[in-house]
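Enquirer:
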Amino acid sequence: MPAGWCAAAHVAGWTGVYAFGRGVEAGEIVRMGMLASASFVVSLIHFPLGGTSIHLGLFGLTGILLGRRAFPVLFATLLFQALLFQHGGFLSLGLNAVNMGAGCLCAAGIWRMSRLAESFRAFFCGFFGVMLPALLMAAEFTLAEYGRGFYFVAGLYAAVAAAEGAITAAIVSFFRRVKPAILVRAAA
Amino acid sequence: MNAFALDRFAQVDSVIHRLDPRSKLAAFLLPILLISSTPRSETGPFPYYFAIMGVLIAAARVPLGYLGWRCAAGTPIILMAAAFLLFSNPLEAAKPAAVVALKAYSAIVLVTLLTSTSKFHQLLWGMRQLGSPEVLNLIVNLMYRSIFLLLEEYERMARARESRTVYPVRGGLYRVYGRHFALLFIRSWDRAERVQAAMLARGFNGSLPGRPAGKLTTADVLFAVAVCLSFAAIRFVPR
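Protein chains in written order, with the working numbering: chain A, 1 to 188; chain B, 189 to 427.
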């Protein structure tokens, strides 16, 4: 991607961290750190899908559990990944944060739609949590004239997004049965 | 995987290891932006970029094998990115694809040098001093301390699942995995409550204590300026 775009996305990303991380209380921080670690660990696990395997992003679940605090948590996860594993790239950190953060925030918004049944909400949180970043990335690469076929690839992501939606619904269902308190977080 | 494997070369002593983390953050991250701004049609600057990196690698005493392993780990993603260009325009895309790959490898080398010459908590301290938000530093700090614990937790859960699950699973494999991931989140939540109570009992007020910001020495400033100017000269001075 053009260096200027990456720099602009960095500005947007760091601004998002300030904006969505403002007013965090001491008690919230530990929960945010621990859930960030759990998301990171789950994202390392390869999950069978069809004849191949994928690893989950769980952007939808992060949005459900943390609301708007999901943005700084996601940024921290990407920064950690870039520094320690050199995965994702430091320069593209801003772009990745904006794309994936949009997925988390979209999921947080869907989760607030109380008229929908919880299992449907959870599925759509998981689905759009992945689909939105994939579409944003396809749009960015197409606008940057990097190549062709990105929307086709984003379309293939629909299968991954459906799997994430199903897993997110299963996770939320388990929370409801075993630890409903985890779904009742401070309004953020 | 464990914490010590990730910054094992941060224990080495070299002239670069002794520099202030703020200087190293500027010296190793700003050149990534400069290198990335190199037009896709130009491969000429890269031998010079890698020559400077070679000097930094030698000064930092980071083993080439370790750098090679880091580059190898990123190769599948880099090849995929380069392949996108090649498939879209095979006749004209060879040079741009090569430039994309060289930029990516340059970034890997520079970030590896950064993380190999500073302990992780020093990097976080340096970032905080340079204006990084406190909440980000706290989250990354907590992640660094808890990720390996949770990995071990998940490995135990996976062993238990494999040894006690009767296949085919009623309700499908997705549900089993979903419940296991949910259980990991629940255990993380419970652990967070215990850690939070312990930290609050010890006086945690939302920020971690750290060493006071000292002045940068002449060596710190000269190093950062020299490295950035070298890369900038290669990037912008016409050859």
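For glycine and all other residues, C-beta sits at the position ideal for the given N, C-alpha and C.
1. Taking just the CA atoms, how far does Leu83 of chain A sit from Phe192 of chain B?
2. Looking only at DSSP bridge pairs, what is His55 of chain A linked to?
3. So with CB distances below 9 Å, who are the chain A contacts of Gln317 of chain B?
4. Alpha carbons only, please: which of B:Ala269, B:Leu311 and B:Gly242 is nearest the one belonging to Ala214 of chain B?
5. Candidates A:Trp14, A:Glu28 and A:Ala8: which alpha carbon is nearest Trp377 of chain B's?
6. Helix, strand or coil for Tyr151 of chain A, going by three-state DSSP, please let me know.
7. Can a CB atom of chain A be found closer than 8 Å to the CB of Met268 of chain B?
8. For Trp377 of chain B, go through chain A and note every residue whose CB falls closer than 9 Å to its CB, in chain order.
9. List, in chain order, every chain A residue whose beta-carbon is nearer than 8 Å to that of Ala292 of chain B.
10. For Tyr236 of chain B, which residues from the same chain have a beta carbon less than 6 Å from its beta carbon, with the 5 sequence-adjacent residues on both sides left out?
11. Name the chain A residues that come within less than 8 Å of Tyr362 of chain B, Cβ to Cβ?
12. At the level of alpha carbons, what is the spacing between Leu324 of chain B and Gly103 of chain A?
13. Measuring only between beta-carbons, confirm whether Arg352 of chain B sits less than 8 Å from chain A.
14. Just to confirm before moving on: does the CB-CB distance between Ala107 of chain A and Gly60 of chain A stay below 8 Å?
15. Does the Cβ-Cβ distance between Arg22 of chain A and Gln384 of chain B come in under 8 Å?
16. Cα-Cα, which of A:Phe123, A:Pro72 and A:Thr168 is closest to Val24 of chain A?
17. Any idea what DSSP makes of Phe90 of chain A, helix, strand or coil?
18. Determine, for Val17 of chain A, whether the minimum Cβ-Cβ distance to residues of chain B falls below 8 Å.
19. Just to confirm, is the Cβ distance from Val42 of chain A to Leu330 of chain B under 8 Å?
20. Would you say Ala380 of chain B faces chain D, with C-beta separation under 8 Å as the test?
21. By Cβ distance, which residues of its chain are closer than 6 Å to Val415 of chain B, with the 5 residues on each side in sequence left out?
22. One question on the structure: do Ser202 of chain B and Arg249 of chain B come within less than 8 Å of each other, judged by their Cβ atoms?
23. If contact means a Cβ-Cβ distance below 8 Å, which residues of the region 64-83 of chain A contact chain B?
24. Starting from Leu84 of chain A, trace the alpha helix (DSSP H) both ways and give me its first and last residue.
25. Going along the chain, which residues of its own chain have a beta-carbon closer than 8 Å to the beta-carbon of His309 of chain B, five neighbours each way excluded?
26. Got a sec? Which residues, its chain only, sit under 7 Å from Leu207 of chain B by beta carbon, not counting five neighbours each side?
27. Taking 8 Å as the cut-off, decide whether the C-beta atoms of Phe174 of chain A and Gly366 of chain B are in contact.
28. Who are the neighbours of Gly27 of chain A on chain B, taking C-beta pairs under 8 Å?
Expert: This is what the structure holds:
1. One-based indexing of the second sequence puts residue 192 of chain B at position 4. One-based indexing of the first sequence puts residue 83 of chain A at position 83. Low local confidence applies: a pLDDT of 47 at Phe192 of chain B is under 50, so the model's placement there is unreliable, and no value is given.
2. Taking the first sequence and counting its residues from 1, the one referred to as residue 55 of chain A is at position 55. Answer by DSSP bridge pairing, in chain order: A:His46.
3. Counting from one through the second sequence, the residue named residue 317 of chain B turns up at place 129. Simply none; closest approach about 15 Å.
4. As a position in the second sequence, residue 214 of chain B is number 26, starting the count at 1. Closest by alpha carbon: B:Leu311.
5. For the purposes of this step, residue 377 of chain B is taken as the residue at position 189 of the second sequence. Here the closest residue by C-alpha is A:Glu28.
6. Your numbering for residue 151 of chain A matches position 151 in the first sequence. Tyr151 of chain A carries a helical assignment under DSSP once its states are collapsed to helix, strand and coil.
7. Reading the second sequence from its first residue, position 80 is the one you call residue 268 of chain B. Chain A has no Cβ within less than 8 Å of the Cβ of Met268 of chain B.
8. For this step, residue 377 of chain B is matched to residue 189 along the second sequence. Here the neighbours are Arg31, Met34, Leu35, Ala38, Leu65, Lys179, Ala181 and Ile182.
9. Counting from 1 along the second sequence, the entry for residue 292 of chain B is found at position 104. Using a Cβ-Cβ cut-off of 8 Å, Ala292 of chain B is close to Gly89 of chain A, given in chain order.
10. Start at 1 with the first residue of the second sequence, and residue 236 of chain B comes out as number 48. If you ignore the 5 residues before and after Tyr236 of chain B, its C-beta comes within less than 6 Å of the C-beta of Ile422, all in its own chain and listed in chain order.
11. On the second sequence, residue 362 of chain B is found 174 positions in, with the first residue counted as 1. Going along chain A in sequence order, the residues near Tyr362 of chain B (Cβ under 8 Å) are Ala163, Ala166, Ile167 and Ala170.
12. Counted from its first residue, the second sequence places residue 324 of chain B at position 136. Counted from its first residue, the first sequence places residue 103 of chain A at position 103. If you take the alpha carbons of Leu324 of chain B and Gly103 of chain A, they lie about 19 Å apart.
13. In the second sequence, counting from the first residue as 1, residue 352 of chain B sits at position 164. Cβ-Cβ to chain A under 8 Å: no for Arg352 of chain B.
14. Numbered from its first residue, the first sequence carries residue 107 of chain A at position 107. Numbered from its first residue, the first sequence carries residue 60 of chain A at position 60. The answer is yes: Cβ separation under 8 Å.
15. The residue given as residue 22 of chain A occupies position 22 in the first sequence. The residue given as residue 384 of chain B occupies position 196 in the second sequence. For Arg22 of chain A and Gln384 of chain B, no; Cβs fall outside 8 Å.
16. Here residue 24 of chain A is taken as the residue at index 24 of the first sequence, counted from 1. Measuring from the Cα of Val24 of chain A, the nearest candidate turns out to be A:Pro72.
17. Taking the first residue of the first sequence as position 1, residue 90 of chain A is located at position 90. In the structure shown, Phe90 of chain A sits in coil (DSSP, three-state: anything other than H, G, I, E or B).
18. Residue 17 of chain A sits at position 17 when you count from the first residue of the first sequence. So, interface residue.
19. In the first sequence, the residue the question calls residue 42 of chain A occupies position 42. In the second sequence, the residue the question calls residue 330 of chain B occupies position 142. No, the Cβ-Cβ distance between Val42 of chain A and Leu330 of chain B is not below 8 Å.
20. Annotation note: the requested chain D is absent from the structure, which comprises protein chains A and B.
21. For the purposes of this step, residue 415 of chain B is taken as the residue at position 227 of the second sequence. The answer, listed in chain order, is Ala215.
22. To locate residue 202 of chain B, count along the second sequence from 1; it is residue 14. To locate residue 249 of chain B, count along the second sequence from 1; it is residue 61. Yes, these two residues count as a Cβ contact at 8 Å.
23. Within the region 64-83 of chain A, the qualifying residues are Leu65, Pro72, Val73, Phe75, Ala76, Thr77, Leu79, Phe80, Ala82 and Leu83.
24. Position 84 of the first sequence, counted from the first residue, corresponds to residue 84 of chain A. Here the alpha helix (DSSP H) through Leu84 of chain A covers Ala70 to Phe85.
25. The residue labelled residue 309 of chain B in the question sits at position 121 within the second sequence. Closer than 8 Å at Cβ, skipping near neighbours: Asn329 and Tyr332.
26. The sequence position of residue 207 of chain B within the second sequence is 19, counting from 1. If we look at Leu207 of chain B and ignore the five residues flanking it on each side, its Cβ neighbours are Ala407, Asp408 and Phe411.
27. On the first sequence, residue 174 of chain A is found 174 positions in, with the first residue counted as 1. On the second sequence, residue 366 of chain B is found 178 positions in, with the first residue counted as 1. Going by beta carbons, Phe174 of chain A and Gly366 of chain B fall inside the 8 Å limit.
28. Working through the first sequence from its first residue, we reach residue 27 of chain A at position 27. Chain B residues near Gly27 of chain A: Gln384 and Leu388.
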